[in-house]
Amino acid sequence: MIPPITGRCLCGAVTYRAGAEPLWQEHCHCESCRRATASGFTSYFAIADGHWRWTGAEPALYRSSPGVERRFCAVCGTPMAYRSAEMADQMHFFAATLDHPETYKPTAHSLSEERLSWIVPGDGLTMR
1 MIPPITGRCL
11 CGAVTYRAGA
21 EPLWQEHCHC
31 ESCRRATASG
41 FTSYFAIADG
51 HWRWTGAEPA
61 LYRSSPGVER
71 RFCAVCGTPM
81 AYRSAEMADQ
91 MHFFAATLDH
101 PETYKPTAHS
111 LSEERLSWIV
121 PGDGLTMR
């Protein structure tokens, strides 16, 4: 992805802008992410703090487990981002919120040991 990177929620209230390339881009198969997004897996990209900002409404915050914050639109409910104490210097944005999602280029599947049996990746990416 080439900066600037922009995205928004379904209703357009929460928007963001990043001025740096992602640190990484991956699909996550953990149960927590699946439940938070009501999907079989989710796709994230990470931007270092100081290189992104909310440009619309500030998203609501939900602490889903110790050291984990999930951001979502308080109006339409769209999941927007995730932050972990383990990687506290970066924000993980959901790829589906991108204004240009076709620019998302995942490089791996993370937490693949939690992958649902009916999700069978055929993309050749590394399974971690």
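FYI, UniProt numbering numbers position 59 of the sequence shown as 59, with every residue one higher than the one before it.
Just so it is clear, CB atoms sit at the ideal spot from N, CA and C, and this is done for glycine as well.
Would you give the residue range spanned by the beta strand (DSSP E) that serine 32 belongs to?
Per DSSP, serine 32 belongs to no beta strand (DSSP E); it is in the alpha helix (DSSP H), 31-37.
Serine 117, DSSP secondary structure in three states
coil
Backbone secondary structure at glutamate 21 - three-state DSSP
coil
Can you list, in chain order, the residues of its chain with a C-beta nearer than 8 Å to that of serine 32? Leave out the 5 residues immediately preceding and following it.
Ser64, Ser65, Val68
Identify, in the order they occur along the chain, each residue of the same chain with its Cβ nearer than 6 Å to the Cβ of alanine 74, setting aside the five sequence neighbours on each side.
Ala60
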